[in-house]
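S.K.: The structure follows.
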Amino acid sequence: MKSLVLIPALAAAFGLSGCVVAPPTVRPAYVAEPAYVAPPGVVYVQPTYASPGPGWVWEYHAHYGWGWHHPRYGWHRGWR
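The numbering used here puts the first residue of the sequence shown at 375, with every later residue one more than the last.
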């Protein structure tokens, strides 16, 4: 008789013991990038067209001047 009572109790305890659900990670919709500061002795030039996409940063190149740079794809419009 005890086994008939014990089996459903053990089944319920076993079934409900692993039901731990973690809440989803909340990521911000927009991450503000820090403003780029011109190196000493260089005049800042404003971009003439919009950013090519996410991850592109307006930076100064010592040989070519100002342009859009991506850490993975390099310089926009062919600068190497």
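Yeah, the Cβ is synthetic: ideal placement off N, Cα and C, and Gly gets one too.
None of the values given here were measured: they were computed from a predicted structure.
Which class does Gly-429 belong to by DSSP, given the choice of helix, strand or coil?
M.R.: The residue given as residue 429 occupies position 55 in the sequence shown. Here Gly-429 carries a coil assignment [DSSP, helix/strand/coil].
S.K.: Pop quiz: Pro-428 and Trp-442 are said to be a contact at Cβ under 8 Å. What is the actual Cβ separation, rounded to whole angstroms?
M.R.: Residue 428 sits at position 54 when you count from the first residue of the sequence shown. Residue 442 sits at position 68 when you count from the first residue of the sequence shown. Incorrect: roughly 12 Å between the Cβ atoms, too far for contact.
S.K.: Look at the alpha carbon of Val-431 and the alpha carbon of Tyr-447, and state the distance between them as a whole number of angstroms.
M.R.: Taking the first residue of the sequence shown as 1, we reach residue 431 at position 57. Taking the first residue of the sequence shown as 1, we reach residue 447 at position 73. Whole-angstrom Cα-Cα distance: 11 Å.
S.K.: In the structure shown, what three-state DSSP assignment does His-437 receive?
M.R.: Translated into the one-based positions of the sequence shown, residue 437 becomes position 63. Looking at His-437 - three-state DSSP - the assignment turns out to be coil, as it is neither helix nor strand.
S.K.: Mind checking who His-450 pairs with in its DSSP beta bridge?
M.R.: The residue given as residue 450 occupies position 76 in the sequence shown. According to DSSP, His-450 bridges with nothing at all.
S.K.: When the Cα of Ala-436 is compared with those of Gly-415, Ala-424 and Arg-451, which residue comes out closest?
M.R.: Numbered from 1 along the sequence shown, position 62 holds the residue referred to as residue 436. For the residues Gly-415, Ala-424 and Arg-451, the minimum Cα distance to Ala-436 belongs to Gly-415.
S.K.: What number of angstroms, rounded off, separates the C-alpha of His-438 from the C-alpha of Trp-449?
M.R.: Here residue 438 refers to the residue found at position 64 of the sequence shown. Here residue 449 refers to the residue found at position 75 of the sequence shown. Reading the sequence as shown, one finds Tyr at residue 438 and not His. C-alpha separation (whole angstroms): 10 Å.
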